[in-house]
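J.: Numbering (the numbering used here), first residue to last: 55 to 580.
One structure follows; several queries about it will come next.
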Ligand code: ADP
Ligand code: MG
Ligand code: MG
């Protein structure tokens with residue numbers, strides 16, 4: 055390894071270790087200073103007064119609503135119950151009886167107790183508290199929500215929102231080493247100065263985007279990402295511009311991609327526990343995307359990234375499309391060797407293409423090579439397509455009966471017959487015997503320990519000088535139409551990701567203080 059690369063790696067590793075409070079700038083409090091409440095009136099007038107968005111979905115909103123409820127003796131039981139219900143969802147709901155008995159104020163508690171116990175007996179993994187939680191939210195979204203909006207806690211929420219909405223420039227970040235190269239530009243490791251949070255910054259060179267008419271694709275990727283909130287898909291945290299590039303700041307995935315893990319470490323392929331774990335997490339990711347009517351279309355080992363704990367996320371949503379009202383799409387889109395027969399065959403298709411992709415992924419993780427391709431072989435695209443349309447893949451002795459059955463059901467050439475496409479969608483895949491031991495509820499909650507943890511002292515990507523330099527484009531000039539497009543792209547912080555960043559790095563806890571004995575602080579005083 056060359057000296058430049060070693061220096062770049064050790065700087066990144068140090069930043070990663072110090073991530074969080076140690077990585078904050080010494081001026082961090084100044085960067086995150088609350089504006090006086092009188093400066094938040096525009097926001098107060100324009101913000102949508104939706105209970106679900108303000109008090110459930112947005113992490114800081116949820117915290118402040120909770121603090122408000124805790125400050126009112128008559129509301130404490132409700133919020134304790136809500137808290138416990140969320141907790142229970144994660145902890146297999148052991149104390150159900152205890153909690154219902156402790157909330158005397160909850161109407162029809164008997165009914166809830168009975169129905170919880172009944173459905174728990176029927177199906178231990180079901181979300182038995184769903185109805186109970188809905189009732190509670192219905193109650194809280196009434197008078198309580200109105201009172202909350204008149205409290206200092208909501209004023210404080212407006213102050214946080216106002217910081218969240220301040221414009222973002224490159225000065226908000228420190229830049230570390232180059233991580234990889236994409237179609238329109240480079241991806242760099244970066245760190246938010248104010249909070250110490252590490253991210254990956256995907257840059258799209260403006261001239262490249264224009265020359266290759268990539269505007270629609272870039273905006274599509276950004277808009278799809280900002281509408282998602284899944285632990286199995288990379289999150290978008292910020293979208294901003296520099297003079298030369300459009301930038302998407304994404305969840306940092308330090309553990310490398312699955313292509314690297316399948317092919318570059320030891321003998322090709324992964325052990326069965328890892329195959330099962332990654333397949334199960336990708337399956338959850340696909341289900342989340344499909345629930346939002348998003349077809350991913352680019353499933354392959356390269357696009358599945360590991361974080362520092364060993365969980366995976368789906369990345370690179372450049373080819374994803376939103377299917378409105380269950381419509382189908384057409385278009386030979388994807389990567390040669392991973393495209394489903396119906397995609398190659400120029401037919402109309404829907405979510406089936408992704409379940410084929412999952413079949414290819416599980417096959418490759420198990421065999422150490424993709425289906426219908428011999429080791430080291432690089433057939434022409436047309437030959438690859440012919441094989442996918444007409445040939446049957448083979449299963450060597452690395453395949454157990456179960457994994458073979460799963461792969462061949464996913465790699466069914468007829469999309470109508472394929473596993474995952476026969477009515478119940480992804481749940482059918484989750485019910486396959488190969489996943490029998492997987493508790494998908496725990497997995498969804500991030501509570502399953504990954505079978506492999508990346509070494510925190512390693513950098514799982516090519517050396518800096520081995521990543522080809524990004525060529526520059528000449529003869530392209532940028533004009534007003536380009537600026538109009540850029541303004542749609544550069545929307546700054548993405549609320550849920552930004553608020554999670556504040557909470558995870560401890561900035562929320564350290565800054566969200568009030569006056570003595572629960573009085574207003576000066577920034578909230580009129
Ligand atoms: P493109 O759409 O142009 O192919 P990608 O999104 O695939 O771009 O990113 C290019 C490369 O950058 C990836 O192959 C990977 O090495 C690296 N990369 C992308 N996103 C991340 C991330 N969130 N964390 C770490 N590395 C990333
Ligand atoms: Mg890519
Ligand atoms: Mg892409």
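Built from N, CA and C at the ideal position, the CB exists for glycine as well.
Remember, predicted model here, so these are calculated numbers, not experimental data.
Is it right to say residue 117 is buried, meaning 16 or more other beta carbons lie within 10 angstroms of its own, or is it exposed?
T.: buried
J.: Who are residue 353's beta bridge partners in DSSP?
T.: Note: residue 353 sits in no beta bridge, so no partner.
J.: What residues are listed by DSSP as bridge partners for residue 311?
T.: In DSSP, residue 311 forms a bridge with 359.
J.: With DSSP collapsed to three states, give me the class of residue 295.
T.: strand
J.: If you draw a straight line from the alpha carbon of residue 128 to that of residue 281, how long is it in whole angstroms?
T.: 36 Å
J.: Which two residues bound the contiguous beta strand (DSSP E) that contains residue 183?
T.: Per DSSP, residue 183 belongs to no beta strand (DSSP E) and is neither H nor E.
J.: Quick one: what does DSSP say residue 391 is sitting in, helix, strand or coil?
T.: coil
J.: Take residue 341 and list the residues in its own chain whose beta-carbon comes closer than 6 Å to its own, dropping the five residues that flank it on each side.
T.: Cβ neighbours of residue 341 beyond the five flanking positions: 480.
J.: Would the C-beta of residue 408 count as close to ligand 3, meaning under 6 Å from any of its heavy atoms?
T.: no
J.: Where does residue 119 sit, in a helix, a strand or coil, going by DSSP?
T.: helix
J.: Going straight from the alpha carbon of residue 156 to that of residue 169, what length do you get?
T.: At residue 156, the pLDDT of 49 sits below 50, so the modelled position is not reliable; the number obtained from the coordinates is stated separately. Whole-angstrom Cα-Cα distance: 17 Å.
J.: Does DSSP put residue 306 in a helix, in a strand, or in coil?
T.: coil
J.: Thinking just about the alpha-carbon of each residue, which of 415, 382 and 231 is nearest to the one in residue 401?
T.: 382
J.: Looking at residue 322: is its Cβ nearer than 7 Å to the Cβ of residue 422?
T.: yes
J.: With DSSP collapsed to three states, give me the class of residue 398.
T.: helix
J.: Which residue marks the beginning of the alpha helix (DSSP H) containing residue 276, and which one marks its end?
T.: For residue 276, the enclosing alpha helix (DSSP H) begins and ends at 269–280.
J.: Using CA atoms only, rank isn't needed, just tell me which of 496, 198, 135 and 214 is closest to residue 335.
T.: 496
J.: Less than 7 Å between C-beta atoms, sequence neighbours within five positions excluded: which residues of the same chain meet that for residue 484?
T.: 337 and 494
J.: If we count Cβ pairs, one from each stretch, closer than 8 Å, do we get three or more for the region 502–517 versus the region 369–378?
T.: no
J.: If residue 413 sits next to residue 465, beta carbons under 8 Å apart, how far is it from one beta carbon to the other, in whole angstroms?
T.: 4 Å
J.: So, does the region 518–538 touch the region 206–222, judging by three or more C-beta pairs under 8 Å?
T.: no
J.: Who are the near neighbours of residue 145 in its chain, counting only those whose CB is closer than 8 Å to its CB and skipping five residues on each side?
T.: Legend: pLDDT at residue 145 = 46, less than 50; position of this residue unreliable, no value from coordinates given.
J.: With a threshold of 7 Å on Cβ separation, who are the neighbours of residue 298 within its own chain once the five nearest residues in sequence on each side are excluded?
T.: 259 and 260
J.: Note down the Cα distance separating residue 154 from residue 140, rounded to an integer number of angstroms.
T.: Because residue 154 sits at a pLDDT of 43, beneath the cut-off of 50, its placement in the model cannot be relied upon, and the point is left open.
J.: Between the region 562–576 and the region 302–316, are three or more C-beta pairs nearer than 8 Å?
T.: Short answer: they don't touch.
J.: Could you tell me the distance, in whole angstroms, from the CA atom of residue 190 to the CA atom of residue 138?
T.: 12 Å
J.: State the start and end residues of the unbroken alpha helix (DSSP H) segment that holds residue 544.
T.: Segment: none, residue 544 is in no alpha helix (DSSP H) and carries neither H nor E.
J.: Among 279, 266, 435 and 194, which has the Cα closest to the Cα of residue 529?
T.: Ranking the options by Cα distance to residue 529, first place goes to 266.
J.: Who are the near neighbours of residue 161 in its chain, counting only those whose CB is closer than 6 Å to its CB and skipping five residues on each side?
T.: Confidence in residue 161 is poor, its pLDDT being 49 and thus under 50, which makes the residue's placement too unreliable to answer from.
J.: Do residue 112 and residue 553 have their C-beta atoms closer together than 7 Å?
T.: yes
J.: For residue 408, is the classification buried or exposed, using 16 other Cβ atoms within 10 angstroms of its Cβ as the cut-off for buried?
T.: buried
J.: Let me know the beta strand (DSSP E) ranges lying completely inside the region 182–240, each 3 residues or longer, listed in chain order.
T.: 227–235
J.: Please work out which residues of its chain come closer than 7 Å, Cβ to Cβ, to residue 66, disregarding the five sequence neighbours upstream and downstream, and give them in chain order.
T.: 230, 231, 243 and 513
J.: Given this structure, state the Cα-to-Cα distance separating residue 384 from residue 395, to the nearest angstrom.
T.: Using only the alpha carbons, I get a separation of about 12 Å.
J.: Less than 7 Å separating the beta-carbons of residue 133 and residue 124?
T.: yes
J.: Looking at residue 245 and residue 228, is the spacing between their C-beta atoms short of 7 Å?
T.: yes
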